[in-house]
Structures are given as structure tokens and as C-alpha cells.
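Student: In UniProt numbering, the protein residues as written are 1 to 91. Here a beta-carbon is modelled for each residue, glycine too, at the ideal position from N, C-alpha and C.
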């Protein structure tokens, strides 16, 4: 994953006051690769500018179809701050 993007996710989170840990991120990334998950990637040309990561599961107190729980949703600030926003992003 793009180094700047994963650090941007952290720095924009409620936990930004804690130092970013590449070691913990790598361990988490290795663990989630083996889960049932969805990752939608936003690109402009060949550059990744954002992504949504969600895991698949079920509602905890009812029988239901699988549902997605979104853990991370990020679009680079430089893109979010433009007038066009998502107009130029191919998902």
C-alpha cells in the first residue's frame, strides 16, 4: 500500500496523537489479507489516491445476509479539497 496514504489515514484519525507504527501496520495488514474482506481502490491514472476497506460478517443479534463493516475510508486530502472531488477518480 502507498506509504503516504496509510500514514495519512493514521494522521487524520482520532488516534493521530500516537506515533504511527510501521511494524504494527505491517502485522495488521498481513492478518487482514487472510480475512473475508472488501477493498475498493480509487485511482487517478496509475496512482492510488484512496481506498475503502471493509470486512464481511453478520449482524451480531440476528440471522441475516452478510454485511460489510467499513474500517477505513480515505481519499487523499489533495483530491477531497478540490472542487471536482470524486469526478476525476475511477473506482
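With a threshold of 8 Å, are at least 3 pairs of Cβ atoms found where one atom belongs to the stretch 34-52 and the other to the stretch 62-79?
Tutor: yes
Student: Does residue 61 come out as helix, strand or coil in the three-state DSSP assignment?
Tutor: Coil, per DSSP.
Student: DSSP on residue 28, reduced to helix/strand/coil?
Tutor: helix
Student: Alpha carbon to alpha carbon, what distance is there between residue 45 and residue 6?
Tutor: 19 Å
Student: For residue 36, I'd like the list of residues in its chain whose CB is within less than 7 Å of its CB, leaving aside the five on either flank, ordered along the chain.
Tutor: 55, 56
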